[in-house]
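Structure, as structure tokens:
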Amino acid sequence: MARRNTGQPVVEDDEDDWGSNAKWVPPSQRAATGGGGGEQTLKDLEDEALQKNSELTDATLNLRRITEQTKGVAGQTLVTLKEQGDQIQRIHENAVTLDQEMEKSEKLLSKLGGMFSFGWKPKKGHKIKGPKSSANSSDSASGDAGSREALGLKAPKAGAAAPKGSEGMTAMEKIEMERKFQDEVLDDVSDGLDALKNMAMTMGSEMDKQDKALDHLSDDVTEINSRVKQSNKRAAKLLGKR
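In structure tokens:
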């Protein structure tokens, strides 16, 4: 079919299917003319990587701070628990002293009963055993560094210091330096968790020891209480005989 001549000049249309008549330019030419912005994009990525890495460093430092705070609370709890064990020990020692005084009183009451022809012999259930000795019983929980170290409360070591002197470094060098620092901080956290585990085990051992100590103390106190009541009744009868 022949093309109809309209009498108007034919215009070459460079417009493509996307509605743009801009000619395609190779990337190398775009970078050379500043049209692509490749270098700026790389810098943006580096800045973003540095920012994210800095946020990660802050997070690891916060984790270390929380771990150290938890260690402090656990350490104080352990000290208080040990002081409680020492107090139980002293109470039981006083119970033994009371038993010794009770024996003197019972002998005196027995002699007084003989004077009134009213013999009496105290009934005893079991011998007062007293507190069981322990290798740690004499430790003072709030004492010197040696006693605290025996409880697993060693003086905290200095944590990893933040990196300095990053001037003149490339972005990758800064990131690598930050990552090394993060590894050191995480090592501190790991050491802190190990210390918490050891303190928890020490707490468990101390609580078991105190539980047994309280059982022995309760048995002895019950026996002493029974004998005190007997002695009081005996004294009341002797007074009635006068």
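Take the sequence shown: its position 200, counted from the start at 1, is 194 in this note's numbering, and no numbers get skipped. C-beta: ideal position from N, C-alpha, C; glycine also. Every value quoted in this text rests on a predicted model; they were computed, and no experiment measured them.
Can the beta-carbon of residue i be found closer than 8 Å to that of residue j?
i      : j      : result
Asp181 : Lys123 : no
Ser99  : Ser225 : yes
Ala165 : Glu49  : no
Glu217 : His120 : yes
Thr74  : Val183 : no
Lys76  : Glu167 : no
Contact criterion: CB-CB distance below 8 Å. Does residue i meet it with respect to chain B?
i      : result
Val183 : Protein chain content of the structure displayed is limited to a single chain, and chain B is not contained in it.
Contact check, residue i vs residue j under 8 Å by CB: the rounded distance?
i      : j      : result
Leu72  : Met193 : 5 Å
Lys65  : Leu190 : 6 Å
Leu103 : Leu232 : 7 Å
Ile169 : Leu44  : 7 Å
Just the C-alpha distance for residue i and residue j, rounded to the nearest angstrom, thanks.
i      : j      : result
Val67  : Asp52  : 23 Å
Pro125 : Lys174 : 53 Å
Met237 : Gln78  : Nothing about residue 237 can be read from this structure; the chain reaches only from -5 to 236.
Gln176 : Asp202 : 39 Å
Ala230 : Lys223 : 11 Å
Ala89  : Met96  : 10 Å
Leu171 : Gly69  : The question names Leu, yet the displayed sequence has Met at residue 171. One C-alpha to the other measures close to 33 Å.
Can you tell me whether residue i is buried or exposed, with buried defined as 16 or more other CB within 10 angstroms of its CB?
i      : result
Glu42  : exposed
Gln81  : exposed
Arg228 : buried
Gln94  : exposed
Gln63  : exposed
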